[in-house]
Amino acid sequence: MGGVSNATLSPLPSVDRPEVAVALREALLAASFTADGLLELLGAPAYAALARSETVPALRATRGDTPLETLVRLFLLQQPVPHARVAEFLPVHACVESGWLVLTGEDEVAATVDVRPYGGPDGEDWFIISDLGCAVGGAGGSGSEGRQADTAVVLGVGGASTTLAGITVRTPVSAALDLGTGSGIQALHAAQHATRVTATDLNPRALHITALTLALSGAPAADLREGSLFEPVRDDETYDLIVSNPPFVISPGARLTYRDGGMSGDDLCRSLVQGAGERLSEGGFAQFLANWQHVEGENWQDRLRSWVPRGCDAWIVQREVQDVTQYAELWLRDAGDHRGDQTAYQAHYDTWLDEFEARKVKAVGFGWITLRSTTAAEPVITVEEWPHPVEQPLGDAVLAHFERLDYLRAHDDAALLAGRFRLVTEVVQEQVGLPGAEDPEHVVLRQHRGMRRATKVDTVGAGFAGVCDGSLSAGRILDAIAQLVGEDPVLLRDRTPAQIRLLVEQGFLEPAE
């Protein structure tokens, strides 16, 4: 994983003029250049189109002369704007001196970076900095043919960024580490609940942009370190939270630093997961997005279990699987190759398929990996597939998952039957069977919050869950059910704990103690 060239990228604003960032931030907020302000100005269709790299609706919506319309054209749409007009509401002279703006001709200014308003989880008004044309849509969607060759390009907010931010556990911590920080989105989130934030990246340009993102968002500065994966982390350093949206794309070579890891296959993601264990404080969390190979003759779940470091519980969720042709096409389009010479495109495509064939890869999975450091004698590793819609943010649900693991680990079947449980809110029961049938074929419990899980239960499980309000122990409820259905209560107590464990593990029931 070598160095990168910045030769064709715009010079970045200075990080040595914090007072300019403060003044610029105040001016942007005064003009309502915020996530809410953008939505109100552009309307939902034009706002959504920006995320698809389509700028025409936003250009049409900003044909007026208000400060907000002018700022959208300047910082999001990369249009030169009149110097005299901008000077009425921006500190133009200071912005030009410090590199946020450049003079174009005699009477216009242009932005040197994308500045995208971004709403924090508690209503904060933040700004994510990225390279020109890359605030939305990715490098291949930037509309700049030359941009594709700039391996140091730094992208802005994307679906992966917001997904990771949404699933991250947000308890107060002393130290957080953002590996491969990019434009600084994860570091910005972590700064709200971590006393100290360290952000690393192989790309020095990304570290510079992260500093700009934090400064313009009014967040504390982070400890910025250049290097690959855990290289910049000292041996004696541990963290309560480690997050990474790494360059996880499984590709032949490393053309684009922001997405291609430069290691063989899924080795980068494996190395990241395996290296996190010894860097976690006791009880600390490490959370990653990752891609992994589905290899012919190998169970993909076993592959991922082998990545989990010793001393860690793990929860791994596969959200999507693509065959190798779909996967290659996705990332070739991301780089803009489909818009170039078709012979070259086909050659690139062939190279990707050659790589997959050589490693016997038939598909690629994408998902979330969460580790938690534990002193338990037997860590629990859960690997599952859940491609269905979920409710973000999920950080509290992730924390609750591991708390339930602790509960189940500490309670054998006898203790489980002595315990009292509550059915969580917004769980509904669905009965599935043929029309007119006296009894349902099976019963499904479905959540409407968090992971929005659905699970099949038998009639005993459904009846048990339905009366769990925290007032009676599990054993007493089962004894009552046994009497109703005419079953031996001892046999029912013997066979039901496994079903109770599943309902607790998946978050349908919560301990009432």
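Each number in this note's numbering comes from the position in the sequence shown (counting from 1) with 140 added on.
Every residue, glycine too, gets a C-beta built ideally from N, C-alpha and C.
Buried or exposed for residue i, going by 16 or more other Cβ atoms inside 10 Å?
i: SER667; result: Beyond the ends of the chain as shown, which are 141 and 653, falls residue 667; an answer cannot be given.
i: GLN587; result: buried
i: ASN439; result: exposed
i: VAL530; result: buried
i: LEU545; result: buried
i: LEU164; result: buried
i: PRO158; result: exposed
i: GLY143; result: With a pLDDT of only 33 at GLY143, under the threshold of 50, the placement of this residue in the model should not be trusted, and no figure is reported.
i: ARG287; result: Residue placement at ARG287 is flagged as unreliable, the pLDDT there being 41, under the threshold of 50; the coordinate-derived value follows with that caveat. Buried, since its Cβ has 16 or more Cβ neighbours within 10 Å.
i: ALA224; result: exposed
i: ALA416; result: buried
i: HIS528; result: exposed
i: ALA487; result: exposed
i: VAL249; result: buried
i: ASP262; result: exposed
i: VAL630; result: exposed
i: ASP634; result: exposed
i: SER446; result: exposed
i: THR308; result: buried
With respect to the alpha helix (DSSP H) encompassing residue i, which residues constitute its N-terminal and C-terminal limits?
i: SER238; result: 232-238
i: TYR187; result: 184-191
i: TYR547; result: 535-550
i: PHE561; result: Where PHE561 is concerned, there is no enclosing alpha helix (DSSP H), although the beta strand (DSSP E) it sits in stretches over 560-563.
i: GLY601; result: 599-607
i: ASP442; result: 440-445
i: PRO158; result: 158-170
i: THR210; result: 207-211
i: GLN486; result: 482-498
i: VAL255; result: Per DSSP, VAL255 belongs to no alpha helix (DSSP H); it is in the beta strand (DSSP E), 254-259.
i: VAL226; result: 223-226
Would you mind reading off the limits of the beta strand (DSSP E) that contains residue i?
i: ASP318; result: 313-319
i: TRP455; result: 452-463
i: TRP266; result: 265-270
i: ASP119; result: This structure does not reach residue 119, given that the chain is present from 141 up to 653, and the question cannot be answered.
i: HIS329; result: HIS329 -> not in any beta strand (DSSP E); alpha helix (DSSP H) instead, spanning 325-330.
i: TRP508; result: 501-513
i: ASP380; result: 379-384
i: VAL523; result: 521-525
i: ARG586; result: 582-587
Measure the C-alpha to C-alpha separation of residue i and residue j and round it to an integer number of angstroms.
i: LEU294; j: ALA305; result: Checking the sequence shown, residue 294 turns out to be Val, not Leu. Their Cα atoms are separated by approximately 18 Å.
i: PRO651; j: SER301; result: 33 Å
i: THR595; j: GLN569; result: 10 Å
i: ARG419; j: THR206; result: 50 Å
i: SER284; j: PHE648; result: At SER284 the pLDDT is 38, less than 50, meaning the model places this residue with poor confidence and gives no usable figure here.
i: SER150; j: ILE269; result: 13 Å
i: VAL212; j: PRO386; result: 30 Å
i: LEU208; j: PHE173; result: 6 Å
i: TRP526; j: ALA638; result: 21 Å
i: PHE506; j: LEU369; result: 19 Å
i: THR252; j: ALA351; result: 15 Å
i: ALA289; j: LEU556; result: In this prediction, ALA289 scores a pLDDT of 44, lower than 50, which makes its location untrustworthy; no coordinate-derived value is stated.
i: CYS198; j: LEU190; result: With the sequence shown as reference, residue 198 is identified as Ala, and Cys is not the correct amino acid for it. So the two alpha carbons sit approximately 7 Å from each other.
i: GLN441; j: GLN433; result: 10 Å
i: ARG593; j: GLN646; result: 8 Å
i: VAL457; j: GLY480; result: 36 Å
i: THR303; j: ALA605; result: 31 Å
i: GLY298; j: HIS478; result: 21 Å
i: GLU653; j: GLY615; result: 15 Å
i: SER375; j: THR515; result: The question names Ser, but residue 375 is Asp in the sequence shown. Straight-line Cα distance between these residues: approximately 20 Å.
i: MET403; j: GLY393; result: 8 Å
i: PRO580; j: GLY601; result: 13 Å
i: LEU217; j: ALA316; result: 34 Å
i: VAL413; j: CYS452; result: 11 Å
i: CYS274; j: PHE267; result: 14 Å
i: SER124; j: VAL196; result: Here the chain comprises residues numbered 141 to 653, so residue 124 is not present and cannot be evaluated.
i: PRO87; j: ALA362; result: Coverage of the chain is limited to positions 141 through 653, which leaves residue 87 absent and any answer about it impossible.
i: GLY423; j: LEU328; result: 22 Å
i: ILE640; j: VAL435; result: 35 Å
i: LEU548; j: GLU566; result: 23 Å
> Taking contact to mean at least 3 C-beta pairs separated by less than 8 Å, is the region 426-436 in contact with the region 381-393?
Replying inline: yes
> Three or more beta-carbon pairs under 8 Å between the region 462-475 and the region 401-414, yes or no?
Replying inline: no
> Should the region 224-241 be called in touch with the region 154-164, which here means at least 3 C-beta pairs below 8 Å?
Replying inline: yes
> Is it true that the region 225-232 meets the region 253-262, where meeting means three or more beta-carbon pairs spaced less than 8 Å apart?
Replying inline: no
> What residue ranges within the region 387-428 form continuous alpha helix (DSSP H) runs of no fewer than 4 residues, ordered along the chain?
Replying inline: 407-416
>> Ignoring anything shorter than 4 residues, give me the alpha helix (DSSP H) runs that lie fully in the region 619-648, in order along the chain.
In response: 629-635, 637-645
>> So, does the region 324-338 touch the region 485-496, judging by three or more C-beta pairs under 8 Å?
In response: no
>> Taking contact to mean 3 or more Cβ pairs, one atom from each stretch, closer than 8 Å, check whether the region 558-565 and the region 607-614 are in contact.
In response: yes
> With contact counted as at least three CB pairs below 8 Å, one residue from each stretch, are the region 514-526 and the region 621-638 in contact?
Replying inline: no
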